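Report on one structure; see the data block that follows.
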Amino acid sequence: LFGAYDADAVSLRCLTPETRHALLTQGVDVLHISKLTSSLVLSYLKTSPYVSHHCAAPSNDQLDWLNRFWRWVDHSTWNPEVFNSIYLVPTTQGLQRPTDTVFDTHAEPDMMGLLEELGVFVLHPRVDAQTRGTLKHLVLSSNIHALLRALPVSLNIDLTEEQAIQITGHLIRHLPSSSHKYGSISSDPILRSRLRSLPIFPIMTSYHNNPITNRISIPNFHTVRGIDPASIPVLPLVPSTSWINLRAISQDILQYLDLNHPSPTSSNVMQELMLTHFQSQSPKTHLAFAQYLVNNFRSVPRGTLTRLASIEFVLARDGQKRAPKDLVDPQASIAELFPGASPFLPDTSQSILDTLVKHLRRLHLLVTEISLHIVRERIRFISDGHASEELARTLINFINGSRLDCRQLFDSTISSDMKWIPTPRGLESPRTCRDALSHYRKTKLFDEVMPLVKNSVRICFELRSVFSWDVEVPFLILVQQLARVIDQTEPSIEKIRDIIIEVGHRKLKPPELNELQTLLSNKKWIPTREETLVAAPFVLLSGESLPGVGFCSVAFDSSVTSFLRKMGCVDRPSKEIILKCLQSLQTLPATGRPNEQMALDVIHLLRWLPPLTATEHAELVIPDAEGMLRQFDQIYFNDIGPRACLVDRGSNFLAHPHISEGLAIALGLRRLGLIGIDTSANDLDMGEDLITTIRTRLREYTCSQLLLEFLANASDAGATEFDVLLDEIPNYPDKSLISSNCRYFQDAPALVLHNNSVFTDEDFQGILRTGIGGKAGQRNTIGQFGLGALTMFHITEVRFDSINIREFTNGAYISV
Numbered sequence: 160l161f162g163a164y165d166a167d168a169v170s171l172r173c174l175t176p177e178t179r180h181a182l183l184t185q186g187v188d189v190l191h192i193s194k195l196t197s198s199l200v201l202s203y204l205k206t207s208p209y210v211s212h213h214c215a216a217p218s219n220d221q222l223d224w225l226n227r228f229w230r231w232v233d234h235s236t237w238n239p240e241v242f243n244s245i246y247l248v249p250t251t252q253g254l255q256r257p258t259d260t261v262f263d264t265h266a267e268p269d270m271m272g273l274l275e276e277l278g279v280f281v282l283h284p285r286v287d288a289q290t291r292g293t294l295k296h297l298v299l300s301s302n303i304h305a306l307l308r309a310l311p312v313s314l315n316i317d318l319t320e321e322q323a324i325q326i327t328g329h330l331i332r333h334l335p336s337s338s339h340k341y342g343s344i345s346s347d348p349i350l351r352s353r354l355r356s357l358p359i360f361p362i363m364t365s366y367h368n369n370p371i372t373n374r375i376s377i378p379n380f381h382t383v384r385g386i387d388p389a390s391i392p393v394l395p396l397v398p399s400t401s402w403i404n405l406r407a408i409s410q411d412i413l414q415y416l417d418l419n420h421p422s423p424t425s426s427n428v429m430q431e432l433m434l435t436h437f438q439s440q441s442p443k444t445h446l447a448f449a450q451y452l453v454n455n456f457r458s459v460p461r462g463t464l465t466r467l468a469s470i471e472f473v474l475a476r477d478g479q480k481r482a483p484k485d486l487v488d489p490q491a492s493i494a495e496l497f498p499g500a501s502p503f504l505p506d507t508s509q510s511i512l513d514t515l516v517k518h519l520r521r522l523h524l525l526v527t528e529i530s531l532h533i534v535r536e537r538i539r540f541i542s543d544g545h546a547s548e549e550l551a552r553t554l555i556n557f558i559n560g561s562r563l564d565c566r567q568l569f570d571s572t573i574s575s576d577m578k579w580i581p582t583p584r585g586l587e588s589p590r591t592c593r594d595a596l597s598h599y600r601k602t603k604l605f606d607e608v609m610p611l612v613k614n615s616v617r618i619c620f621e622l623r624s625v626f627s628w629d630v631e632v633p634f635l636i637l638v639q640q641l642a643r644v645i646d647q648t649e650p651s652i653e654k655i656r657d658i659i660i661e662v663g664h665r666k667l668k669p670p671e672l673n674e675l676q677t678l679l680s681n682k683k684w685i686p687t688r689e690e691t692l693v694a695a696p697f698v699l700l701s702g703e704s705l706p707g708v709g710f711c712s713v714a715f716d717s718s719v720t721s722f723l724r725k726m727g728c729v730d731r732p733s734k735e736i737i738l739k740c741l742q743s744l745q746t747l748p749a750t751g752r753p754n755e756q757m758a759l760d761v762i763h764l765l766r767w768l769p770p771l772t773a774t775e776h777a778e779l780v781i782p783d784a785e786g787m788l789r790q791f792d793q794i795y796f797n798d799i800g801p802r803a804c805l806v807d808r809g810s811n812f813l814a815h816p817h818i819s820e821g822l823a824i825a826l827g828l829r830r831l832g833l834i835g836i837d838t839s840a841n842d843l844d845m846g847e848d849l850i851t852t853i854r855t856r857l858r859e860y861t862c863s864q865l866l867l868e869f870l871a872n873a874s875d876a877g878a879t880e881f882d883v884l885l886d887e888i889p890n891y892p893d894k895s896l897i898s899s900n901c902r903y904f905q906d907a908p909a910l911v912l913h914n915n916s917v918f919t920d921e922d923f924q925g926i927l928r929t930g931i932g933g934k935a936g937q938r939n940t941i942g943q944f945g946l947g948a949l950t951m952f953h954i955t956e957v958r959f960d961s962i963n964i965r966e967f968t969n970g971a972y973i974s975v
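Heads up: the sequence shown runs through residues 160 to 975, numbered per this note's numbering.
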């Protein structure tokens, strides 16, 4: 064995057994023969070719010698570790040291070449069993842990599909036992990285019903997932993820590659990953996934479809990508709301796009029903001037035909000021128009300021409620309507009446009432019974009507009447209004024709006047007997009846016959019967109160003193005759009475007392001075104070004085 390294070496095999025995037992002491030691052998080997590494496969001679060497070592008592530094282990790729990792593939000879391809050392197949037994550091090919550690740091090999399959099969066979014996590989970063570095894994890069698999290594930072393309025919492209085709390798390998994903990927997980990274997928992947969902529609979770509907991946007709939930199905009826290249319709111009839309339609992900979102968007679109009136009509029709809850229609994105409702004046907003059913069909309350919706457009109850068209007309609109109507050339009395009734039945706040008062000041706005309009000061709430002078009555209920009263209407006009009215009548152009109705109405006004000042009296106009209005100082009150023709009144006029004596007195009209009489001295105080004076005298004088008192008066007046007449004749004619009120006294009995003395001015002044009398200061009369005549009020209520005046024109006597 070592003869080639030592010429003096003697091979014991060449000697007889006896000689070998003798040399071994006595040769050392007798012949000075040295036995072969491990140190000497080591010195031999250090001079041999085995002292250095050899990359070439060992020759047959080397293999024979090495087999003999290791058998010899096995039979010796030497420690084999003495030779650990010498390259004495034959591999298929050269010689290795006994301590180097060398795999024994004796039990799996088919793996020898594969392990060589992986760059590890494999024991030469000609090494005999005894040698293998001697080499204690040999590693079985089933030791996957050792195999992974022995792999080169950088593997640059190109395996065939068959080789890769064999290696993966080898790994899968022995990984369980190896892991059981040496520990978990997946929890050891180095071993896991070495395992992943093998270019043997069937990695799927992408597929759409046709898997594309390549045998490659797995980056250390990748997530590893296994997938069965038969059950999951679509693969999402996920960053830093390697998909292992479980049709090409056992799923058992997964637990060693990624501890977090030891099981095959389920369809739910695939869907989750697909949705998470959906926007980064290719259009073909989008289509494949949609097809997958269609094919498995019943088993697909609703949440998956909901999430897909919210992902922006569908190409719209404006070239932008949008989510299915934001796109309208082109075949749905509501697509009519989106004309042209609408961004809310999907693009179907290409086959792949059209197919995708069909899948989305089958998945019910596209919009097919009208919604508040669509309504709001279309309203914004229409109000921005991008659409015709026809689109607005179509939108309203869709709302009417749906069961859409429109209560939340107006939000931060849309207001009631947007114009989208068709009217004859164009598009209007819900605030600026109404339909014929609005506000309880009271169109006369708003139609002048609010255009009505076109007859061809029907607004449903729900929309009308949202628009607040089903409530009372807002006060502001009522005010605007009233202002618009009363400013028209021919105002509609019917509309004004309806507005007043509406306002009158509301409880107006003070600011609202003030607004109306400001608006309607000096305007004719109140409808009368005569179907005319008058200003508030000329409305009579008492029911009386004086149309000839502009004062009219109205026909409203108590609520409206109360409102009108707050607006300045009264039961009767004030003094200022009456005077103003009369002054305005003075300025009217004279027609030359009497107006009887005006005359009667003026008289009615005059009756309502309170006491006036002298200046106010002078400004009055009084109807004359012909019904013409005259200045106050041109009128005389006819207090003498038919005999008025006998009085020369100059250019003055007689008052209208409907002016009563009481009214004439109240107005201070001059009396026709006093023409030519100076009454300046008669306008004096009668002394004490007349009633008080009469009451006092009746206590002082008895009824029996009546005739004696009048007899004394006749005597004091110088009369020579005194006559007493009792007149009990009934039914005297009453046409010539000074006042019609005297009729009642005309029918009663009368006591006539007469004397033939002359009635002087002093006598008349005495009558006026009731409390003093006409005989004050006279000492030659029977009655000192002339007050006894008041005893007549014991028997009468009326005193009448008849005086005869001699007219020299015809010699007749006239009673005045």
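Idealized CB from N, CA, C, for every residue including glycine. Since the model is a prediction, treat every value here as computed from it, not as a measurement.
Check: Can you list, in chain order, the residues of its chain whose CB lies under 6 Å from that of G936, leaving out five sequence neighbours each side?; Outcome: Caution applies to G936, whose pLDDT of 49 falls short of 50 and renders its modelled position unreliable; the model cannot decide the point.
Check: Which of helix, strand or coil does DSSP assign to A935?; Outcome: Only weak support exists for where A935 lies, its pLDDT of 46 falling under 50; the coordinates are left without a value.
Check: On the DSSP bridge assignment, give the partners of F280 in chain order.; Outcome: V261
Check: If we call anything under 9 Å between Cβ atoms a contact, is W684 one with I645?; Outcome: yes
Check: Excluding five sequence neighbours on each side, which residues of the same chain lie with their C-beta closer than 7 Å to the C-beta of V698?; Outcome: I685, C711, V713, L723 and C728
Check: Could you give the C-beta distance for E607 and R643, rounded to a whole number, given that I count them as a contact under 8 Å?; Outcome: 4 Å
Check: Classify L678 as helix, strand or coil using the three-state DSSP reduction.; Outcome: helix
Check: Jot down the residue ranges of each uninterrupted beta strand (DSSP E) in the region 295 to 375, minimum 3 residues, whole runs only, in chain order.; Outcome: 297 to 299, 360 to 365 and 371 to 375
Check: Is the region 694 to 709 close to the region 725 to 742, with three or more CB pairs under 8 Å?; Outcome: yes
Check: Specify the secondary structure class of F881 as computed by DSSP and reduced to three states.; Outcome: strand
Check: Less than 9 Å between the beta carbons of K894 and G800, yes or no?; Outcome: yes
Check: With which residues is L195 paired in a DSSP beta bridge?; Outcome: Answer by DSSP bridge pairing: none, since L195 is not bridged.
Check: Quick check: what's the CA-CA separation for I303 versus K194?; Outcome: 44 Å
Check: Identify, in the order they occur along the chain, each residue of the same chain with its Cβ nearer than 6 Å to the Cβ of L524, setting aside the five sequence neighbours on each side.; Outcome: A468 and P483
Check: Which residue from I538, K480, T400 and S345 puts its Cα closest to that of Q414?; Outcome: S345
Check: Using DSSP with H/G/I as helix, E/B as strand and the rest coil, what is K894?; Outcome: coil
Check: The alpha helix (DSSP H) with S409 in it runs from where to where?; Outcome: Note, S409: premise wrong, no alpha helix (DSSP H); not H, not E.
Check: What three-state label does DSSP hand F944 in the structure shown?; Outcome: Caution applies to F944, whose pLDDT of 43 falls short of 50 and renders its modelled position unreliable; the model cannot decide the point.
Check: Buried or exposed: where does S557 fall if 16 or more other Cβ atoms within 10 Å of its Cβ makes it buried?; Outcome: Checking the sequence shown, residue 557 turns out to be Phe, not Ser. Answer is buried; the Cβ neighbour count reaches 16.
Check: Just list the alpha helix (DSSP H) runs in the region 577 to 632, keeping only unbroken ones of 4 residues or longer that don't cross its boundaries, in chain order.; Outcome: 597 to 600 and 620 to 625
Check: Taking the alpha helix (DSSP H) that F796 falls in, what are its first and last residues?; Outcome: Taken as a continuous stretch (DSSP letters only), F796 belongs to no alpha helix (DSSP H), being part of the beta strand (DSSP E) at I794 to F796.
Check: Does the separation of the CB atoms of Y246 and Y203 fall below 9 Å?; Outcome: no
Check: Do three or more CB pairs link the region 313 to 327 to the region 426 to 444 at distances below 8 Å?; Outcome: no
Check: For I359, which residues from the same chain have a beta carbon less than 7 Å from its beta carbon, with the 5 sequence-adjacent residues on both sides left out?; Outcome: L318, A323, I326, T327 and R374
Check: Indicate the three-state DSSP secondary structure (helix, strand or coil) for I736 in the structure shown.; Outcome: helix
Check: Contact between the region 168 to 188 and the region 224 to 241 is defined here as three or more beta-carbon pairs at a separation below 8 Å; is this criterion met?; Outcome: no
Check: What are the boundary residues of the alpha helix (DSSP H) that includes N454?; Outcome: P442 to N454
Check: Under the assumption that S504 contacts L486 (Cβ atoms under 8 Å), give the Cβ distance between them as a whole number of angstroms.; Outcome: Reading off the sequence shown, one finds Leu at residue 504, where the question assumed Ser. That pair is a contact at about 7 Å.
Check: In this structure, how does DSSP classify P650 when only helix, strand and coil are distinguished?; Outcome: coil
Check: Classify R227 as buried or exposed, calling it buried when 16 or more other Cβ atoms lie within 10 Å of its own Cβ.; Outcome: exposed
Check: Are three or more beta carbon pairs between the region 468 to 482 and the region 530 to 546 nearer than 8 Å?; Outcome: no
Check: With a threshold of 16 other CB atoms inside 10 Å of the CB of R789, please say whether the residue is buried or exposed.; Outcome: buried
Check: So, is N614 buried or exposed, given that buried needs 16 or more other C-beta atoms within 10 angstroms?; Outcome: exposed
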